[in-house]
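In the working numbering, the protein residues as written are 479 to 1117.
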Ligand code: NAP
């Protein structure tokens, strides 16, 4: 996959241009064209999206406004074709004007530097501003990055840019993390790819709006290759344990290769980029080992099991199951889906759609469109959706929705259920009895609903009491016979960094300290564990607003700046102060209590065994970006 491609000069006729423009999203299209032509007068006030109607896919633009934007865009592209004159990158004032057009009005100035980074019009805006040779040329400092998935790749890339010595180890025999491990049929990303990609490594080669697993894997592999990371990789190697050596001020690390060979290494700092969603969770159901047929977990899909003509059971209806259930139904003779808690399904007609040829044309000739569309997604559906999750304490009934805005979303979703599930009995089973955004929302373009409506598919909502030799028994005693059971039962998300045994200052055991309730300052650092930096750590997951890649880029910035702090101070270790850590976590907990996912009693993988929301970040994307700009030395004990 080519990253950051140059634009291809336009040579097509007017009709091709007109056809292409029709498939682009109007507001980001106009912003992109105004930027590449330098004609900011195209951003007319009467063509601005409506900031109060950002849930609408066009941002509340009327059909007449959309038609006018398309007319203006076609004329400007024809001029661009004929003149070939592309404008220089916009100056700060012009950039602010472009951003304000897209946002439909004034933007809080605090956002502008963040949005500029996200846009990355001039290239990588987040690369380190320093290099080791200027800061500590004579100092050896070695970092071990654990995990070569999405987070590990960006961390290693930034270390390389800063001239820091590093090695990446991964238990898998390939890079890509979750996008290598999850190979179930139908696996695809559920954040649009122009946002679910690194800000500094854009491509116009996404075949779909929401690409499939093989494409995502190819993207991350292309990034690892393009960033020159392959020589630094030790694949098929798992970190078993690590101990902080206070005298030597470094980590001693034990590794185990896939062939069982054990070895050790040392690092001045460790970056854990092991992800949260990679250790399959098998449900705690009696008799799970009794089943005589085939069974496997979605994250370890057994492609050797042919489902054709089989009676198949799927346990779970989360984001993974909703993606593979339609494929299983197509192959199996009969499918029974065991649903414990229905997810809220959100309509998205582009969810499985390929990028149309016209839009592909726009992306090839005006690659900046992808960047403006990225910003559009960021502003409209990520930062813009967060208020819909905030609890209004006065609002009743809270088990239906948590605020007037949240209720509006509920009604919007419910209307889709009425369209797609005409059968009232089935509809009663699939409409959730908890507020939207209290659990992860699952996208559907109608395919999942249609699958549940099939004659050869049963949705069973009875509680599973036992797995027997021949099938599954539910409350009431009924037993259904199956040839195959597929577990779409999620991951051991709360067991951060498991099963690694990490021992910090004085032999403090990380998992004992956490006792099933993982916490970290900024999701990144933990008292008593100096020079250990976590990515996708506690409370850095988002429910609706944003992409994990955004968080990984912020975390990487903080970690690389922390290493600079160490080198600048000629220190060998930094350990987060416990009062700073505790105060921060109180603030996080208060934030989560006021969000739909914290206030609702519904079960979800966001809550740990103690009922605390250990996964989610409850504040804005801007807030996390601001907090991870620069480490504050006062937050640390430096040695
Ligand atoms: P999940 O959301 O944790 O879903 C697990 C499912 O299994 C739930 O429906 C759960 O029911 C059910 N379950 C668990 N134990 C059960 C039991 N004993 N009996 C009956 N049902 C049981 O896991 P996931 O679907 O793998 O998704 C996890 C996360 O991965 C997602 O939320 C998302 O963040 C990420 N993901 C993303 C994508 C994407 O980008 N496209 C795709 C897949 C996953 P309850 O709801 O009642 O607990």
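Note that CB positions come from ideal geometry on N, CA and C, so glycine has one too.
Any non-hydrogen atom of the ligand NAP within 7 Å of residue i CB
| i | result |
| --- | --- |
| residue 801 | yes |
| residue 476 | Nothing in the structure corresponds to residue 476, since the chain is present only between 479 and 1117. |
| residue 918 | yes |
| residue 796 | yes |
| residue 755 | yes |
| residue 667 | yes |
| residue 561 | no |
| residue 1050 | no |
| residue 692 | no |
| residue 819 | yes |
| residue 763 | yes |
| residue 859 | no |
| residue 774 | no |
| residue 793 | yes |
| residue 1029 | no |
| residue 673 | no |
| residue 779 | no |
| residue 1070 | no |
| residue 967 | yes |
| residue 619 | no |
| residue 816 | yes |
| residue 1083 | yes |
Member of the options whose CA lies at the smallest distance from the CA of residue i
| i | options | result |
| --- | --- | --- |
| residue 994 | 1002, 1011, 971, 1006 | 971 |
| residue 878 | 910, 900, 770, 860 | 910 |
| residue 1090 | 1113, 1066, 1101 | 1066 |
| residue 966 | 912, 760, 717, 611 | 760 |
| residue 810 | 936, 578, 601 | 936 |
| residue 653 | 695, 923, 669 | 695 |
| residue 1084 | 542, 917, 1028 | 917 |
| residue 1033 | 679, 547, 1002 | 1002 |
| residue 887 | 867, 900, 874, 982 | 867 |
| residue 577 | 673, 753, 851 | 851 |
| residue 996 | 1088, 1045, 1096 | 1088 |
| residue 861 | 839, 549, 1102 | 1102 |
| residue 712 | 1109, 618, 735 | 735 |
| residue 929 | 1000, 892, 950, 804 | 804 |
| residue 639 | 1022, 1115, 1035 | 1035 |
| residue 992 | 642, 513, 873, 1059 | 1059 |
| residue 1000 | 981, 912, 540, 1062 | 1062 |
| residue 1106 | 493, 592, 489 | 592 |
| residue 732 | 720, 1064, 616, 725 | 720 |
| residue 1074 | 1006, 1038, 1015, 871 | 871 |
| residue 496 | 1021, 1045, 1041, 835 | 835 |
| residue 945 | 958, 939, 934 | 958 |
| residue 692 | 681, 1019, 705, 667 | 667 |
| residue 569 | 1094, 561, 599, 1110 | 599 |
8 Å contact criterion, which residue i and residue j should meet: CB distance rounded
| i | j | result |
| --- | --- | --- |
| residue 755 | residue 969 | 4 Å |
| residue 768 | residue 947 | 5 Å |
| residue 822 | residue 919 | 5 Å |
| residue 1013 | residue 751 | 4 Å |
| residue 830 | residue 923 | 5 Å |
| residue 1051 | residue 801 | Contact flag wrong, Cβ pair sits at about 44 Å. |
| residue 854 | residue 580 | 6 Å |
| residue 583 | residue 504 | Not really, about 17 Å apart at Cβ, beyond 8 Å. |
| residue 1030 | residue 629 | 4 Å |
| residue 555 | residue 488 | 6 Å |
Where residue i sits in the DSSP three-state scheme
| i | result |
| --- | --- |
| residue 742 | strand |
| residue 433 | Any question about residue 433 goes unanswered here, given that the chain covers just 479 to 1117. |
| residue 758 | strand |
| residue 1103 | helix |
| residue 873 | coil |
| residue 576 | helix |
| residue 652 | coil |
| residue 1085 | strand |
| residue 788 | coil |
| residue 1116 | strand |
| residue 561 | helix |
| residue 518 | helix |
| residue 999 | strand |
| residue 960 | coil |
| residue 937 | strand |
| residue 722 | strand |
Proximity test, Cβ basis, 8 Å: residue i and chain C
| i | result |
| --- | --- |
| residue 731 | No chain C appears in the structure shown, which is made up of a single protein chain. |
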